[in-house]
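Peer 1: Residue numbers (my numbering): 825 to 1041. Have a look at this one before I ask anything.
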């Protein structure tokens, strides 16, 4: 295999978590009395840290952002977390990559306790060598999470690592951390032409068959 380590984002890459996330977002909007937004804007809440999404969409004060974040977290954790679906073929791809001797990791902006509960429910942890989500206060950025994964897996040359993700946030994290990036557009990102243009020559693939072929060649 070309890669010593392959990292995967979670939302929109391993699991379609849109139902649970969007229900929690709608609950938060309603509870805080915020104006509703169109479906396309709602979808932008999937993937980035939730406080960034509320800040970007509503231009809230810091106090309001904190309230929205806490309201979302409580609703998502207690009501909607497990409303998700593994993408068809993802288990088979991960099992194949493990058989090839690859170190596999999950590197996600989703809070770590949510990440573990969700992945354990869908039988993912045994397929990965390391799993890391964001800290409770969201002080870790995507690049920090990637770098920590590489350190824990003792990957000494970041050029031999690649992250699979579905948003420009994953690409930006990869750039800062010094790892390669391969995008997939069956998830939540890469819907606008400018997203494809921002990643330059890095590939954005349409399905898991294409991803497998890219990773092993």
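Using N, Cα and C, we set each Cβ at its ideal position, and we do this for glycine too. Fair warning: this is a prediction, and the values are worked out from it, not measured in the lab.
Pull up the DSSP beta-bridge partners for residue 983, would you.
Peer 2: Answer by DSSP bridge pairing: none, since residue 983 is not bridged.
Peer 1: Can you round the beta-carbon distance between residue 889 and residue 878 to whole angstroms, since I take them to be within the 8 Å contact cut?
Peer 2: About 6 Å separates the two Cβ atoms, so the contact holds.
Peer 1: Which residues in the same chain have their Cβ closer than 7 Å to the Cβ of residue 994, if we skip the five residues on either side of it in sequence?
Peer 2: Correct list, in chain order: 833, 966, 987, 1005.
Peer 1: Run the CB neighbour count on residue 958, radius 10 Å, all protein chains shown included, and call it buried at 16 or more, exposed below.
Peer 2: Counting Cβ neighbours within 10 Å, residue 958 comes out buried, since at least 16 surround it.
Peer 1: Closest to residue 960 by C-alpha separation, out of 874, 1034, 857, would be which residue?
Peer 2: Nearest C-alpha to residue 960: 874.
Peer 1: Output needed for residue 901: all residues of its chain with C-beta closer than 7 Å, excluding positions within five of it in sequence on either side, in chain order.
Peer 2: Closer than 7 Å at Cβ, skipping near neighbours: 938.
Peer 1: Considering only the beta carbon of each residue, do residue 989 and residue 908 sit closer than 7 Å?
Peer 2: Result no, Cβ atoms of residue 989 and residue 908 do not sit closer than 7 Å.
Peer 1: DSSP state of residue 845, grouped into three classes?
Peer 2: It is helical.
Peer 1: What residue range is occupied by the uninterrupted alpha helix (DSSP H) comprising residue 874?
Peer 2: Run containing residue 874: 874-882, per the alpha helix (DSSP H) assignment.
Peer 1: Applying the 10 Å Cβ sphere with the 16-neighbour rule, what's the burial state of residue 892?
Peer 2: With 16 or more other Cβ atoms within 10 Å, it is buried.
Peer 1: Compute the distance between the beta-carbons of residue 1022 and residue 1000, then report whether it is under 7 Å.
Peer 2: Not closer than 7 Å, so no.
Peer 1: Who are the Cβ neighbours of residue 856 in its own chain at under 8 Å, not counting the five residues just before and after it?
Peer 2: Here the set comprises 888, 891, 892, 895.
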